[in-house]
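J.: Residue numbers (the numbering used here), protein chains in the order written: chain A, 6 to 221; chain B, 6 to 221.
Glycine included, every Cβ here is placed at the ideal spot set by N, Cα and C.
Protein chains: 2
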Amino acid sequence: MRVGIIGGTGDIGEGIAMRLSSVHDVSIGSREEEKAVSTSECCYAAVTKLGFSCSVSGCTNQEAVDRSEIVILAIPFRHIEPTLATLTRLEKKIVVSPINPMEKKDFFVYAPPPEGSAALLVKKLLPPGTSVCSAFNTVAANKWRLFSENLDLGVPVCGDDPDAKAKVLELVRSIPGVKGYDAGPLAASCMVECLTPLLLNIARFNKMRDVGIQFR
Amino acid sequence: MRVGIIGGTGDIGEGIAMRLSSVHDVSIGSREEEKAVSTSECCYAAVTKLGFSCSVSGCTNQEAVDRSEIVILAIPFRHIEPTLATLTRLEKKIVVSPINPMEKKDFFVYAPPPEGSAALLVKKLLPPGTSVCSAFNTVAANKWRLFSENLDLGVPVCGDDPDAKAKVLELVRSIPGVKGYDAGPLAASCMVECLTPLLLNIARFNKMRDVGIQFR
Numbered sequence: 006m007r008v009g010i011i012g013g014t015g016d017i018g019e020g021i022a023m024r025l026s027s028v029h030d031v032s033i034g035s036r037e038e039e040k041a042v043s044t045s046e047c048c049y050a051a052v053t054k055l056g057f058s059c060s061v062s063g064c065t066n067q068e069a070v071d072r073s074e075i076v077i078l079a080i081p082f083r084h085i086e087p088t089l090a091t092l093t094r095l096e097k098k099i100v101v102s103p104i105n106p107m108e109k110k111d112f113f114v115y116a117p118p119p120e121g122s123a124a125l126l127v128k129k130l131l132p133p134g135t136s137v138c139s140a141f142n143t144v145a146a147n148k149w150r151l152f153s154e155n156l157d158l159g160v161p162v163c164g165d166d167p168d169a170k171a172k173v174l175e176l177v178r179s180i181p182g183v184k185g186y187d188a189g190p191l192a193a194s195c196m197v198e199c200l201t202p203l204l205l206n207i208a209r210f211n212k213m214r215d216v217g218i219q220f221r
Numbered sequence: 006m007r008v009g010i011i012g013g014t015g016d017i018g019e020g021i022a023m024r025l026s027s028v029h030d031v032s033i034g035s036r037e038e039e040k041a042v043s044t045s046e047c048c049y050a051a052v053t054k055l056g057f058s059c060s061v062s063g064c065t066n067q068e069a070v071d072r073s074e075i076v077i078l079a080i081p082f083r084h085i086e087p088t089l090a091t092l093t094r095l096e097k098k099i100v101v102s103p104i105n106p107m108e109k110k111d112f113f114v115y116a117p118p119p120e121g122s123a124a125l126l127v128k129k130l131l132p133p134g135t136s137v138c139s140a141f142n143t144v145a146a147n148k149w150r151l152f153s154e155n156l157d158l159g160v161p162v163c164g165d166d167p168d169a170k171a172k173v174l175e176l177v178r179s180i181p182g183v184k185g186y187d188a189g190p191l192a193a194s195c196m197v198e199c200l201t202p203l204l205l206n207i208a209r210f211n212k213m214r215d216v217g218i219q220f221r
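1) Taking one C-beta from the segment 138–149 of chain B and one from the segment 102–118 of chain B each time, how about it: are there three or more such pairs within less than 8 Å?
2) With 9 Å set as the bound, which would you pick, yes or no: does the beta-carbon of A:G217 sit closer than that to a beta-carbon of chain B?
3) On the DSSP letters alone, give me the boundaries of the beta strand (DSSP E) that B:L89 sits inside.
4) Output yes if chain A places a C-beta closer than 9 Å to the C-beta of B:D111; else output no.
5) Might you give, ordered along the chain, the residues of its own chain that have their beta carbon closer than 8 Å to the beta carbon of A:A123, omitting 5 neighbours on each side?
6) Is the Cβ of B:F82 closer than 9 Å to any Cβ of chain A?
7) Could you spell out the range, first to last residue, of the alpha helix (DSSP H) harbouring A:L130?
8) Quick one: any contact between the segment 11–20 of chain B and the segment 142–156 of chain B, if contact means 3 or more CB pairs under 8 Å?
9) DSSP beta-bridge partners for B:V197?
10) From this set, A:F113, A:L203, A:D30 and A:L131, which residue's C-alpha is nearest A:L89's C-alpha?
11) From A:L78 to A:K170, what distance separates their C-alpha atoms?
12) Hey, how far is the Cα of A:D71 from the Cα of A:G56?
13) So is A:A50 buried or exposed if we call it buried at 16+ other beta carbons inside 10 Å?
14) Which same chain residues, not among the five before or five after A:G182, have their C-beta less than 6 Å away from its C-beta?
15) Residues of the segment 128–159 of chain B in Cβ contact with chain A at a cutoff of 9 Å, in chain order, please.
16) Between which two residues does the beta strand (DSSP E) carrying B:E108 extend?
17) So, at 7 Å on beta carbons, what are the nonlocal neighbours of B:A146 in its own chain, with the 5 sequence-adjacent residues on each side left out?
18) Give a yes or no on whether 9 Å exceeds the smallest Cβ distance from B:C195 to chain A.
19) Quick one: which unbroken beta strand (DSSP E) runs of 3-plus residues sit fully inside the segment 37–106 of chain B? Chain order, please.
20) Using DSSP with H/G/I as helix, E/B as strand and the rest coil, what is A:L158?
21) Buried or exposed for A:P87, please, with buried defined as at least 16 other CB atoms from any protein chain shown within 10 angstroms of its CB.
22) Tell me whether the beta-carbon of B:S73 lies closer than 9 Å to the beta-carbon of B:K98.
23) So who's on the other strand from B:G9, going by DSSP bridges?
24) Using a Cβ-Cβ distance under 9 Å, would A:G1 count as near chain B?
25) Under 9 Å between the Cβ atoms of A:T143 and A:V160?
26) Would you grab the beta carbon distance between B:A188 and A:N206 for me? Rounded to a whole angstrom, and I think it's under 8 Å.
27) Is the distance from the Cβ of B:I75 to the Cβ of B:L176 below 9 Å?
28) Counting only beta-carbon separations shorter than 9 Å, does B:N211 have a partner in chain A?
29) Indicate whether B:I180 and B:R24 have their beta-carbon atoms separated by less than 9 Å.
30) Chain A beta carbons: is any one of them nearer than 9 Å to that of B:F220?
31) If you measure beta-carbon to beta-carbon, which residues of the segment 115–127 of chain A are closer than 7 Å to chain B?
32) Express the C-alpha separation of B:E96 and B:S32 in angstroms, rounding to a whole number.
33) Measure the alpha-carbon distance for A:E201 versus B:V42 and round it to whole angstroms.
34) What are the start and end residues of the beta strand (DSSP E) that includes B:P185?
35) Does DSSP put A:G18 in a helix, a strand or coil?
36) Nearest to A:V64 by CA position, among A:K54, A:T14 and A:K128, is which residue?
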């Protein structure tokens, strides 16, 4: 599949790119094209070093949209509105939100917008005809970026368009060690986004690192 | 430890009793003492049949409180207020809420009370000096009730009183195959209670049964 990662130079975006680029054609997008090119070179080096083939390139965010059928918004919650305002031609794309709105007090708290979740806010801001799914919410960036580390994780996927959700599940399941689960309609995304502050709290209070989740 | 299970004749209570009674002294409480005695007999038969020792008895809910240091509220969300209104002498006990407030629409949705979570509502209704923790929220009753089934699960525990939380974590970790995790203060319980509707949705949309969770 052709996958574009908006904000792909951040930790989460780089982690997702690292895991997808040995199986798919990945475009890492950034506001700064040079940074995207540099991230894609690091990704290529790390993946090919281990003997895998790799298809990855760096470009602007808009080019990452234009080249892809699935567009992953690897951006912080507060960047959703300004970033989407700079992008066009998202209609007919599958847009994936791995975004988790949260606040840090003495511990991490889920802090969804009035729409109910980041995924529902993304849907509201996009033109009709765009299929939105939530997925990759619980990516522990450091673990995903270390391509040599095996993953053993479950990734829930929410969405209202069955065809789009099936494609995103296929994308998730193409990553070795990762199981994809249909977690219901887009309105159920709040329960997935909420996992990340829980995992961060568990990491913090149990002195663990890069805590992931598995369903069994 | 001496553990009382309020509403212990329900599926969840029975599941928890089954797993704890081979290691601890468990009192299964019920509004109807006869039902509690009958559940305790089933539990005793199932556990001893597999060659384990078992300490379990059935009694009223109030007796389950009086006999125990840890009191688990294995009741549905809507029973919290009426049940707590019938109980006295909960001060100085450790009260554990495994309760998940949720609604079923086309899918399961987390539906916390104005207090923010079931655990915070429980705390509000109890006399000062009672230590409240949330734990056992993601118990898949059918799996826990089958004592012969091995568990491989993570159980997050929230609470504000460090000593009480340490005891509850010890209780959780005494169950073979179960790992206990400190998930932060009681105010973080919403993120734990929210797991259960997520797991029920995953079970439903992926044709799975008794879905549990593990952290890794």
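T.: Reading off the structure:
1) yes
2) Translated into positions along the first sequence, residue 217 of chain A becomes position 212. So, interface residue.
3) For this step, residue 89 of chain B is matched to residue 84 along the second sequence. First-last for B:L89: I85 to T91, but that is the alpha helix (DSSP H), not the beta strand (DSSP E).
4) Residue numbering aside, residue 111 of chain B sits at position 106 when the second sequence is read from its first letter. Closer than 9 Å to some Cβ of chain A, the Cβ of B:D111 qualifies, so yes.
5) For this step, residue 123 of chain A is matched to residue 118 along the first sequence. Within the same chain, A:A123 has close Cβ partners F82, I85, S102, I104, N105, P106, P117, S139, S194 and E198.
6) The residue you call residue 82 of chain B lines up with position 77 of the second sequence. No, B:F82 lies away from the interface with chain A (no Cβ there is under 9 Å from its Cβ).
7) On the first sequence, residue 130 of chain A is found 125 positions in, with the first residue counted as 1. Unbroken alpha helix (DSSP H) run through A:L130: A123 to L130.
8) yes
9) Along the second sequence, one-based indexing puts residue 197 of chain B at 192. Paired residue(s): none; B:V197 is not in a bridge.
10) The sequence position of residue 89 of chain A within the first sequence is 84, counting from 1. Ranking the options by Cα distance to A:L89, first place goes to A:L131.
11) Locating residue 78 of chain A in the first sequence gives position 73, where the first residue counts as 1. Locating residue 170 of chain A in the first sequence gives position 165, where the first residue counts as 1. Each residue's Cα considered, the two are about 16 Å apart.
12) Position 66 of the first sequence holds residue 71 of chain A. Position 51 of the first sequence holds residue 56 of chain A. The straight-line gap from Cα to Cα measures roughly 29 Å.
13) To locate residue 50 of chain A, count along the first sequence from 1; it is residue 45. Flag for A:A50 reads exposed.
14) Here residue 182 of chain A refers to the residue found at position 177 of the first sequence. N155, L156 and D157.
15) D157, L158 and G159
16) Here the question's residue 108 of chain B lines up with position 103 in the second sequence. Looking at the DSSP string, the run of the beta strand (DSSP E) that includes B:E108 is M107 to K109.
17) Reading the second sequence from its first residue, position 141 is the one you call residue 146 of chain B. Excluding positions up to five away in sequence, the list reads D16, I17 and G20.
18) For the purposes of this step, residue 195 of chain B is taken as residue 190 along the second sequence, with counting starting at 1. Judged by the 9 Å Cβ criterion, B:C195 is in contact with chain A.
19) 60–65, 75–78 and 99–102
20) In the first sequence, residue 158 of chain A corresponds to position 153, counting from 1. A:L158 falls in the strand class under three-state DSSP.
21) Taking the first residue of the first sequence as 1, we reach residue 87 of chain A at position 82. Exposed, since its Cβ has fewer than 16 Cβ neighbours within 10 Å.
22) Start at 1 with the first residue of the second sequence, and residue 73 of chain B comes out as number 68. Start at 1 with the first residue of the second sequence, and residue 98 of chain B comes out as number 93. Contact flag set, yes.
23) The residue you call residue 9 of chain B lines up with position 4 of the second sequence. B:S32 and B:V76, per the DSSP bridge assignment.
24) The first residue shown for chain A is 6 and the last is 221, placing residue 1 of chain A beyond what the model contains.
25) Within the first sequence, residue 143 of chain A is the residue found at index 138, counting from 1. Within the first sequence, residue 160 of chain A is the residue found at index 155, counting from 1. Taking 9 Å as the Cβ cut-off, A:T143 and A:V160 qualify as a contacting pair.
26) Numbered from 1 along the second sequence, position 183 holds the residue referred to as residue 188 of chain B. Numbered from 1 along the first sequence, position 201 holds the residue referred to as residue 206 of chain A. About 5 Å; that satisfies the 8 Å criterion.
27) Counting from one through the second sequence, the residue named residue 75 of chain B turns up at place 70. Counting from one through the second sequence, the residue named residue 176 of chain B turns up at place 171. Going by C-beta atoms, B:I75 is nearer than 9 Å to B:L176.
28) Working through the second sequence from its first residue, we reach residue 211 of chain B at position 206. So yes, B:N211 belongs to the interface.
29) As a first step, residue 180 of chain B is located in the second sequence; it is residue number 175 there, counting from the start. As a first step, residue 24 of chain B is located in the second sequence; it is residue number 19 there, counting from the start. The answer is yes: Cβ separation under 9 Å.
30) Looking up residue 220 of chain B in the second sequence gives position 215. Answer yes: the Cβ-Cβ gap between B:F220 and chain A drops below 9 Å somewhere.
31) Y115
32) Taking the second sequence and counting its residues from 1, the one referred to as residue 32 of chain B is at position 27. Taking the second sequence and counting its residues from 1, the one referred to as residue 96 of chain B is at position 91. Their Cα atoms are separated by approximately 18 Å.
33) If you number the first sequence from 1, residue 201 of chain A lands on position 196. If you number the second sequence from 1, residue 42 of chain B lands on position 37. What sits at residue 201 of chain A in the sequence shown is Thr, not Glu. Between A:T201 and B:V42, the C-alpha separation is close to 42 Å.
34) For this step, residue 185 of chain B is matched to residue 180 along the second sequence. Checking the sequence, you will find Gly at residue 185 of chain B rather than Pro. First-last of the beta strand (DSSP E) with B:G185: V183 to D187.
35) Here residue 18 of chain A refers to the residue found at position 13 when the first sequence is read from its first residue. A:G18 falls in the helix class under three-state DSSP.
36) As a position in the first sequence, residue 64 of chain A is number 59, starting the count at 1. According to the sequence displayed, residue 64 of chain A carries Cys and not Val. Per the Cα distances, A:T14.
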